[in-house]
Each structure stands twice: as structure tokens, then as C-alpha cells.
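These notes are about the structure you will find just below.
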Amino acid sequence: MAGMLSNSFDQAIGVRYHLLNSLFLNLPYQHVMRTGTLLPLLQQRCASSFEKGKSATDILHDFFAEHVPHATAEEQFDFLFNVIQYVERQVALFDSVEDAAFEQVNDLNGKGTVPALLLRARYDNKTNELREKLDHFSLRVVLTAHPTQFYPGHVLGILTDLEHAIRGNDFTLINQLLQQLGKTGFINREKPTPYDEALSLTWFLENVFYKSIPQIIELLASGLQINLSEWKNHSLMVVGFWPGGDRDGNPFVTTDITLKVAARLRESILKCYHQDVRLLRRRLTFHGVYDLMNTIEQKVYNLLLKKEHTYRTPSELLRELLAARALLISEHNSLFVDLLDRFILKVKIFGFYFAALDIRQDSRKHDAVWNEILNKLSQNRQSITAHEFEQLSEGAKTDYLLELKTNSVFVDFDHELVNETIQSILAIGRIQEQNGEEGCHRYVISNCQSALHVIEVFALAKLLIGTPKGLNLDIVPLFETIDDLAHCADVMHRLYAIPLYREHLESRRNHQTIMLGFSDGTKDG
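In terms of this note's numbering, the sequence shown opens at residue 477 and continues consecutively.
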């Protein structure tokens, strides 16, 4: 089996890659022929000399002495820089060839795929159990920010076009796109901001997740003989989003950036909707339906570009889409109703938020924030001092914070961290107003070590954005170190025993999200 996969890989990817890689030698750029000719010799020299224990400096010295003996230091440097550029583009080409051959190399109906799951359920006579499981199951894919791993957006666009050209064996276009890659920078000239990181990931939301998540649900619904309009669980796959909200991961994240990223996520999903509605309007040209779709298209356009409040919530958009659907069924023989159902499914999945923006901060920062708040309040005799607070037991500290009534938003703080923390929580409320509650409903506490660390966030958020109906926010403890993981069960037991927090969980459908491990904690272990 391994031999068959190897042969399949070589035929679908290896042979095609080597064929297309030869095009690099003909690119009309300075020194490209020399770079492409010397690169295999450099690779061979590196491999053989490294086995002999030679250093990188000695390997390069020997290489230049043998193959380019008269090159100046500057010319040697230029050559190595050209090698990096050349290899970067070879890697990009290989990635595109591999993506284009995905269906040939991978068994799309094999173990771990949706078709295999459906087949096994039928074979084991567990189709009904699978239906029930899918009604309550939810997978959360969280996109985090690692900007050094990203191609810039314009490069991603070229690679997407290159993949399609390779699939279609369009060698003329492939050659043109390789030339474009040769002239296009792969790195940003400036260090990416948290907003830049978010922009890089929204490309994947628009071009991958927007298409793939509904397709997976459609495949499951079809295999289980469920009409797509009757699919219940629109949270089967949800996307979490950290760039722009992860203060612990990036100290340059500010409230302004958080709000800007949230606005961009809303803009991105509306842009996707507008494209789909325009395509739908070209098919739904029937009496009554066309006028309705034309109105919907105009409203989405105005919501997207003119920022008019044509739809305040996704439910308002869905109401009009369902009206169009009813007309299709009653008066037009359900023609193209499947296309409309697919779009309705997308609106139910992504709402006006696309991905849920998570806020994350380290517990030690919350300790510092509360010290400043208590000291400030104590000046007006509204609180004990931070030193007096520190002398209390953990239970007494919890009770004290939960009993505070002073809304910190009305207090003038001189401390930047306090103001930024308060504004970041207020931003959650603003995002929920614009994008819907799903748009920002999780606050992750890094380095969480106690129930008090959760209550610190809960009490502050309750004062700032709580309503008479409760707090529309999930507080998520992240237990990272091995020691914290060993004690996290006790921490959660103490947390669940706090009456006010239990009431909060009841308002959140008795759901408590807990994060375990994560990167730093895994390294610690």
C-alpha cells in the first residue's frame, strides 16, 4: 500500500513538479539561469560536506572556491540571496502542484472522510444515532496569529490561480504566473501589525471556510437524507478568531484594533453574501421572486458599502430569503430552490460575524488591573485598598469582588493597562451590537491558576457590560503549566460552588469552556 501511495505521489506530484520547475530556468530575470544551474551543485555540496562535519562557513567557502572562484564578497552575498528567492518560489510551486493533485493522492472516500463515516453508520445500523449526535456536536476551529507562516495576500491570490492553471494543464498561464511570482515579493517590507495578521486570515475565511463548511454540512445532510432546509445544527463547525483580540499573544493589540478587526470580519462576510446574492438573482428571474431578490441584493449592497442599517440582524435577511423560498415552492415548481437553500445555510452558519473574535489576556495582568482599581476606589472610600484585599482569603476575595457595585467605566484611571482592559471589555459589548452576540463572546484567561482569576474577569465584565438578563460572555480559563493542569479540577469545583457564577452558567445554557495545555504549557511539560 505504501508503495502504491509513493508511486501515485511521484506520478501526480513529483513528475509534474520537475517538469514545471524547469520553467524557472527560462524566466527573464537577472542571474536566474546561473542561480538555477548552481543551486543543485550547492545542495550536493551541502549534503556531502555536512556529513563530514564541516561548518556552514567552510561549506560555502569551498563551494565558491570551486564553482565561482573570482566572485567578490558582495557577489557571493547576492548569489545566496538569489538562492533564497529561487527556493521560496520552488516551494510555492510545489505547494500548488500538491494542492492541484490532492484528489489524486488522497482517498476522498477513505477512512476519516464524511462518505466513510456515512457508510460505516449505515453498515453498523447506526444512522439514527449519527443524526442525533450531529444535532448536538460542535467543532470549533480557532485561527491564531503566526504572521511568519503566512504568504502575503497578493501571493496567496497568485498561488490560487496557479493551482487552477495546473489543474487545467494551462502551460501558458502557468508560465505567466511563475513570472509574476518571480517579480512579486514574498515578505512584507514592514513588520505586520495585528490588523495585518487578521487580514491574512480573512483570506482563508473567504476562500476556504466560507465554501467548505457549508459543503461538509450539505454532504452530511444528503447522506442522512435530511433536507438542507431542515438541518438544525448550524454550529456543527464554527470558527474562532484570535488576531486582533489576543492581547497575551501580541502586546500591540489595542481596543481600536479589536474593533477594526471585528468590522473587517463583518465586511468580509457581507462581501461573500453580496457575491452569492448577485449569482442567485441571475437564476431566480421568476415573477415575484426576482423583485424580492433584487431588493435583497440592494439591501446587502447598502449594508456592505453604504453602511446603512438595511438589516440589523441576520434574522431580518433570513426572513426575506425564506419568503423568496416560499414563492419558489408555491408558484415556480421549486426551481433552483437548492441554490437558495445553500445560501440560506451560509447565513445561518456565519451570521453577520463570520468568525467569533476571542479576547485573551494573562491572569497576572488582571491581578494588576484590580490592584489599581481597588487603590483608586479606596481614595474615595468606595473600597478597601489592594494591600488590604491581598490579606483576605481567596473565598473572601471572591465575595468582595462580586459585591462591588461601582462601575469602573465612570472612574478616571491614570494607569494605561487599566484603561485598556476596561475598553477591551466595553468593546465586546460594541461588537455584539454590530456583529451579533456570536461575534465576540469568549474571554480567555491565560495562565489561569485559581477560581479567583476567573472571578476577576467575571466581576469586571459584569460591572461593565452586564445587563439585568445576565452577562453575554463565556469566561474561559486556560490552564497551561503542568502544575496548573494537576490542580485545575479543584479550581473548577471551587468556581462551580460560587452561587453567582452558577447563575451565570445557567444563563449560558450550563456550558463552560475550558482550555488545557496550549503551546507554552506543552513546552513546560
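Note that CB positions come from ideal geometry on N, CA and C, so glycine has one too.
Helix, strand or coil at residue i [DSSP, three-state]
i    : result
S859 : coil
L496 : helix
V544 : coil
L503 : coil
L481 : Low local confidence applies: a pLDDT of 49 at L481 is under 50, so the model's placement there is unreliable, with the coordinate-based value given in what follows. Of the three classes helix, strand and coil, the one that applies to L481 here is helix, per DSSP.
F717 : strand
A832 : strand
R906 : helix
L816 : helix
L992 : strand
G633 : helix
G588 : coil
G512 : helix
D583 : coil
D843 : helix
G946 : strand
D534 : helix
Whole-angstrom distance between residue j and residue i, CA atom to CA atom
i    : j    : result
F728 : R616 : 26 Å
N923 : L992 : 10 Å
L850 : L619 : 36 Å
N895 : R918 : 20 Å
V631 : F662 : 7 Å
L954 : Y671 : 24 Å
G720 : V737 : 6 Å
Q908 : R742 : 11 Å
P690 : R598 : 23 Å
V776 : F812 : 21 Å
L756 : L675 : 27 Å
A547 : S531 : 21 Å
M480 : E673 : Because M480 carries a pLDDT of 46, less than 50, the predicted location of this residue cannot be relied on, and no value is offered for it.
T533 : Q506 : 26 Å
R978 : W718 : 27 Å
R984 : I951 : 11 Å
T511 : N497 : 13 Å
V920 : T669 : 21 Å
F613 : I702 : 16 Å
I489 : Q519 : 21 Å
V544 : V563 : 20 Å
K852 : I835 : 25 Å
T513 : D571 : 22 Å
F865 : N856 : 16 Å
D646 : L503 : 17 Å
L768 : E796 : 8 Å
S454 : G658 : Past the edges of the chain, shown from 477 to 1001, lies residue 454, and the structure says nothing about it.
D637 : T786 : 35 Å
S859 : A844 : 16 Å
D538 : V567 : 26 Å
Span of the alpha helix (DSSP H) around residue i
i    : result
I941 : 927-941
D959 : 958-972
R757 : 731-759
L788 : The question names Leu, yet the displayed sequence has Arg at residue 788. Segment: none, R788 is in no alpha helix (DSSP H) and carries neither H nor E.
S922 : Premise fails: S922 lies in the beta strand (DSSP E), 918-922, not in any alpha helix (DSSP H).
K609 : 603-612
D875 : 870-879
Y766 : 765-781
I650 : 647-659
A488 : Looking at the DSSP string, A488 is not in any alpha helix (DSSP H), and its letter there is neither H nor E.
E690 : Correcting the residue type first, residue 690 is Pro in the shown sequence and not Glu. Unbroken alpha helix (DSSP H) run through P690: 686-699.
D571 : 549-576
W679 : 670-680
S983 : 975-983
Boundaries of the beta strand (DSSP E) in which residue i is found, first to last residue
i    : result
G837 : Reading off the sequence, residue 837 comes out as Gln, not Gly. Q837 -> beta strand (DSSP E) spans 835-838.
D950 : 950-955
L619 : 615-619
Rounded Cβ spacing between residue i and residue j (contact assumed at less than 8 Å)
i    : j    : result
Y829 : I692 : Contact flag wrong, Cβ pair sits at about 19 Å.
F889 : E914 : So it is not a contact: roughly 31 Å between Cβ atoms.
L877 : A935 : 4 Å
H969 : L947 : So it is not a contact: roughly 22 Å between Cβ atoms.
F500 : L654 : 7 Å
L794 : L704 : Actually they do not touch by this definition, with Cβ atoms about 14 Å apart.
H842 : V933 : 6 Å
Check: residue i C-beta below 7 Å from any heavy atom of the ligand SAM
i    : result
E773 : Only the bare structure without any ligand can be found here, which leaves the ligand SAM out of the picture.
> Do the stretch 750-761 and the stretch 814-829 meet, that is, are 3 or more Cβ pairs less than 8 Å apart?
Replying inline: The stretch 750-761, when compared against the stretch 814-829, does touch it at the 8 Å Cβ threshold.
> Within the chosen definition, does the stretch 823-841 reach the stretch 868-875 through at least 3 CB pairs nearer than 8 Å?
Replying inline: With the cut-off at 8 Å, the stretch 823-841 and the stretch 868-875 do not touch.
>> Using 8 Å as the cut-off, can you tell me whether the stretch 830-844 makes contact with the stretch 763-782, which would need three or more C-beta pairs spanning the two stretches below that distance?
In response: Per the Cβ contact rule, the stretch 830-844 is not in contact with the stretch 763-782 (fewer than 3 Cβ pairs under 8 Å).
>> Whether or not the stretch 639-658 and the stretch 568-583 are in contact is what I'm after, with contact meaning three or more pairs of Cβ atoms, one per stretch, closer than 8 Å; do they touch?
In response: The stretch 568-583, when compared against the stretch 639-658, does touch it at the 8 Å Cβ threshold.
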